[in-house]
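What the sequence shown shows, in the working numbering, is residues 56 to 213, in sequence order. A quick write-up on the structure given underneath.
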Amino acid sequence: MKWSKLRKELKDRLADNLKDRLDYHLTTYKNSTSYIGRAWITWEGKEILNFSNQDTWNEFQSYSNKLAETHYISHEGIKTTDRTEGKIMEKGEFSKYDFADNAFRFLNLNVQDAIKSYNPIIKALAVVDKRIGKRTLSELNKAENHPMIKQLIELRLE
């Protein structure tokens, strides 16, 4: 599926209070080595999440996080104790490949399976989905989750 179609499908599933405020972006720098690129999510025009192949390679000599379950070279997930306080995502934690592959996988999942997923990207996409209600979000907010998921829950509950 092309990025434009994938992006449209993701945006069509956004909750009403997030439409026109949350946006998805993906680019590939074709003249760079190995087609380096990045994906990012913006909130009201400001970048809040960055999925960069270059950062992932520089930090971990890998193009994927094992938690994202892609078939690229992968590194271990970052332990809670190793996280920087107040950061949504560590530099290079997930790559463009992680985001794109899991966005496509999310579109082919039942929303209930997505919200129960151990994959933080799939779960994050489920949190902003219009089919997930406030009660489910409140329960998720109490549970231990990846900081990216917590941030998106807060935006959704605004």
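Ideal placement from N, C-alpha and C gives every residue a C-beta, glycine not left out.
Residue range of the beta strand (DSSP E) that D78 falls in? Taking the sequence shown and counting its residues from 1, one reaches residue 78 at position 23. Run containing D78: 77 to 83, per the beta strand (DSSP E) assignment.
Could you tell me the alpha carbon to alpha carbon distance between K57 and K171, rounded to whole angstroms? Here residue 57 refers to the residue found at position 2 when the sequence shown is read from its first residue. Here residue 171 refers to the residue found at position 116 when the sequence shown is read from its first residue. Rounded to the nearest angstrom, the two C-alpha atoms are 27 Å apart.
Those residues which DSSP pairs with K101 across a bridge: In the sequence shown, counting from the first residue as 1, residue 101 sits at position 46. According to DSSP, which records beta bridges pairwise, K101 is partnered with W98.
What's the call for Q116, buried or exposed, on a 16-neighbour Cβ count within 10 Å? Here residue 116 is taken as the residue at index 61 of the sequence shown, counted from 1. Exposed, since its Cβ has fewer than 16 Cβ neighbours within 10 Å.
What alpha helix (DSSP H) runs, 4 residues minimum, are completely inside the stretch 130 to 201? 151 to 162, 166 to 170, 175 to 182, 189 to 197, all fully within the stretch 130 to 201.
Contact check, Q109 vs I91, beta carbons under 8 Å: Within the sequence shown, numbered from 1, the residue matching residue 109 stands at position 54. Within the sequence shown, numbered from 1, the residue matching residue 91 stands at position 36. Inclusion of Q109 and I91 in the CB contact set at 8 Å is warranted, their separation being smaller than that value.
Work out the CA separation of Y152 and L228 for me, nearest whole Å. Any answer about residue 228 is impossible in this case: the structure gives the chain only from 56 up to 213.
In the structure shown, what three-state DSSP assignment does V93 receive? Translated into positions along the sequence shown, residue 93 becomes position 38. Correcting the residue identity first, residue 93 is Arg in this sequence and not Val. In this structure, DSSP gives R93 an extended state, which the three-state scheme calls strand.
Going by DSSP in three states, L69 sits in which element: helix, strand or coil? The count along the sequence shown starts at 1 and reaches residue 69 at position 14. Collapsing the DSSP output to three states places L69 in a strand.
Expressed to the nearest angstrom, what Euclidean distance is found between the alpha-carbon atoms of D156 and I176? Working through the sequence shown from its first residue, we reach residue 156 at position 101. Working through the sequence shown from its first residue, we reach residue 176 at position 121. Going from the Cα of D156 to the Cα of I176 covers about 10 Å.
Same chain, Cβ closer than 8 Å to A70, neighbours up to 5 away in sequence not counted: The count along the sequence shown starts at 1 and reaches residue 70 at position 15. Contacts found: V183, D184, K185, I187, R211.
Is DSSP giving S119 helix, strand or coil here? One-based indexing of the sequence shown puts residue 119 at position 64. It is a strand residue.
Quick one: using the 10 Å Cβ neighbour count with 16 as the cut-off for buried, is R93 buried or exposed? For the purposes of this step, residue 93 is identified with residue 38 of the sequence shown, where counting begins at 1. The residue is buried, with at least 16 neighbouring Cβ atoms inside 10 Å.
So, helix, strand or coil for S87, using DSSP? The residue given as residue 87 occupies position 32 in the sequence shown. In the three-state reduction of the DSSP assignment, S87 falls in the coil class, being assigned neither a helical nor a strand state.
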